[in-house]
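Chemist: Numbering (the numbering used here), first residue to last: 30 to 442. Quick reminder that beta carbons are idealized off the backbone N, C-alpha and C, glycines included. Only a predicted model underlies this, so the values are computations on that prediction, with no experimental measurement involved.
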């Protein structure tokens, strides 16, 4: 594979590229879904290919292929150069990348138990145990459980001398009980450990064991039935305390996506809208009280946004986003941070924050969040509740919407 990456880089430079990078990616995914004691879905997929990105006359070109042969590498590289030359004819500004990136090394997800070495029988048996626990409470009509595993092996090389190998492994799972009132037809759901099907971590099978889906299943079934008889949530203006999963979603949507610099500049809007955090707000826009500190941390153990290097070869790092309530940073790439410097000068960082990520070998990398988190304060949850005379504790999201500038939102739990 390294011979193929070297070949692509050499060909790109010979054909006029001022910069080139290559990613060879192998990705395997496995999903198991069980409903009311029956395996309803079982998929094990693998995909492999190569993507070549080049810079010619200040414009990008990208091409990819699932064929990994010398002849195909030549074709794909030539196509990427051709696309870049065509794009250069209509560019509004030339791409600048800043300081060279020439790191070498390897990164692997730390894990104790490789999920790919755990038998399918053991995985299904765990879900069956959880299924029985969910349906142990009368009134539970639908019991759903799922496991999901993801592995990506990637080689990255660029014309500046970078050569990197990474293996990322993720493991996830979750359960959900749906209860129905036979008289009114009211439906209530309860899930664990997260909403939207499952929780996922960059760990091995040990992450699934730590969730203890079978052990938590009876409680989730009971809670779904209890919700059928629960009082209506009171209406009015009050204090809201968010639980961990709802807070994580809130930070992701209202804080994470708006700080992606390609979104800020309007070069990306399709996947999650644009952003209200325009460059002039850097250093003066108030996001919250003095207690609010947000950090984008690609080094966080177990995080889904954790890696050794991003898809431009920039090392993982901690990037301050909000400090004492004020916006102080963005998620950036090599190109976008240079563009930011053109606008705000020295208020911009000197180099990329390492947030360039591609969704597979056949996708060009774009700025996407790493692990964006609210830094902890000094109080525990009990302290927050004790200090609140009137309020609501909200956890486990059931609905969510936000406008296309990431400004106004609403949610239900």
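Could you check what DSSP says for residue 343 in three-state terms: helix, strand or coil?
Modeler: coil
Chemist: Let me see if you follow: with CB-CB separation under 8 Å, is residue 111 close to chain D or not?
Modeler: The structure shown has no chain D; it contains just one protein chain.
Chemist: Cβ atoms of residue 169 and residue 180: under 8 Å apart, would you say?
Modeler: Going by C-beta atoms, residue 180 is not nearer than 8 Å to residue 169.
Chemist: Please check the pair residue 356 and residue 316, which I expect to be a contact at CB under 8 Å, by giving their CB distance rounded to whole angstroms.
Modeler: 6 Å
Chemist: Could you please give me the residues that DSSP links to residue 61 through a beta bridge?
Modeler: Beta-bridge analysis with DSSP links residue 61 to 71, 176.
Chemist: Under three-state DSSP, which class holds residue 371?
Modeler: The three-state reading of DSSP puts residue 371 in helix, counting H, G and I together.
Chemist: Is the beta carbon of residue 156 sitting closer than 8 Å to the one on residue 63?
Modeler: yes
Chemist: Rounded to a whole number of angstroms, what is the C-alpha to C-alpha distance between residue 175 and residue 328?
Modeler: 28 Å
Chemist: Report the option in 78, 183, 186, 84 whose CA atom is closest to the CA atom of residue 101.
Modeler: 78
Chemist: For residue 137, count the other beta carbons within 10 Å of its own beta carbon; 16 or more makes it buried, fewer makes it exposed. Which is it?
Modeler: exposed
Chemist: Who does residue 440 pair with in a DSSP beta bridge?
Modeler: 429
Chemist: Between residue 425 and the rest of its own chain, which residues show a CB-CB distance below 8 Å, the 5 nearest in sequence each way excluded?
Modeler: Setting aside the 5 residues that flank it on each side, residue 425 is surrounded in the same chain by 219, 220, 223, 224, 272, 274, 275, 442, each with a C-beta closer than 8 Å to its C-beta; the list follows chain order.
Chemist: In its own chain, which residues sit with a C-beta less than 6 Å from the C-beta of residue 55, not counting the 5 before and 5 after it?
Modeler: 77, 182
Chemist: Can you pull the DSSP bridge partners for residue 422?
Modeler: 270
Chemist: Can you check the segment 216-276 for any alpha helix (DSSP H) of at least 4 residues that lies completely inside it and give the ranges in chain order?
Modeler: Qualifying alpha helix (DSSP H) stretches, in chain order: 235-240, 242-255.
Chemist: Output yes or no for whether 8 Å exceeds the beta carbon distance between residue 112 and residue 80.
Modeler: Remark: C-beta atoms of residue 112 and residue 80 do not approach each other more closely than 8 Å.
Chemist: With DSSP collapsed to three states, give me the class of residue 386.
Modeler: Residue 386 sits in a strand when the DSSP states are folded into three classes.
Chemist: I'd like to confirm the pairing. Which residues does DSSP put opposite residue 183 in its beta bridges?
Modeler: Paired residues: 54, 195.
Chemist: Between the segment 411-419 and the segment 358-378, are three or more C-beta pairs nearer than 8 Å?
Modeler: no
Chemist: Buried or exposed: residue 184, going by 16 or more other Cβ atoms within 10 Å of its Cβ?
Modeler: buried
Chemist: For residue 205, which option in 264, 387, 412, 173 has the closest C-alpha, if you only look at C-alpha atoms?
Modeler: Of all alpha-carbon atoms in 264, 387, 412, 173, the one lying nearest the alpha-carbon of residue 205 is that of 173.
Chemist: Would you mind listing the beta strand (DSSP E) stretches within the segment 126-182 that are 3+ residues and don't spill past its ends, in chain order?
Modeler: 133-137
Chemist: Answer with buried or exposed for residue 119, where buried requires no fewer than 16 other C-beta atoms within 10 angstroms of its C-beta.
Modeler: Residue burial is scored here from C-beta neighbours: residue 119 has fewer than 16 other C-beta atoms within 10 angstroms and is therefore classed as exposed.
Chemist: Does the Cβ-Cβ distance between residue 194 and residue 135 come in under 8 Å?
Modeler: yes
Chemist: DSSP three-state call for residue 325: helix, strand or coil?
Modeler: strand
Chemist: Which term fits residue 368, buried or exposed, when burial requires 16 or more other beta carbons within 10 angstroms of its beta carbon?
Modeler: buried
Chemist: How about residue 309 and residue 394: do their beta carbons lie closer than 8 Å?
Modeler: no
Chemist: Is the beta carbon of residue 323 closer than 8 Å to that of residue 245?
Modeler: No, Cβ-Cβ distance for residue 245 and residue 323 is not below 8 Å.
Chemist: State yes or no: is the C-beta of residue 105 within less than 8 Å of the C-beta of residue 83?
Modeler: Note that the C-beta distance between residue 105 and residue 83 is not below 8 Å.
Chemist: Should residue 391 and residue 98 be called a contact, given that it needs their Cβ atoms to be closer than 8 Å?
Modeler: no
Chemist: Take residue 226 as the anchor and find which of 249, 344, 201 has the nearest alpha-carbon.
Modeler: 201
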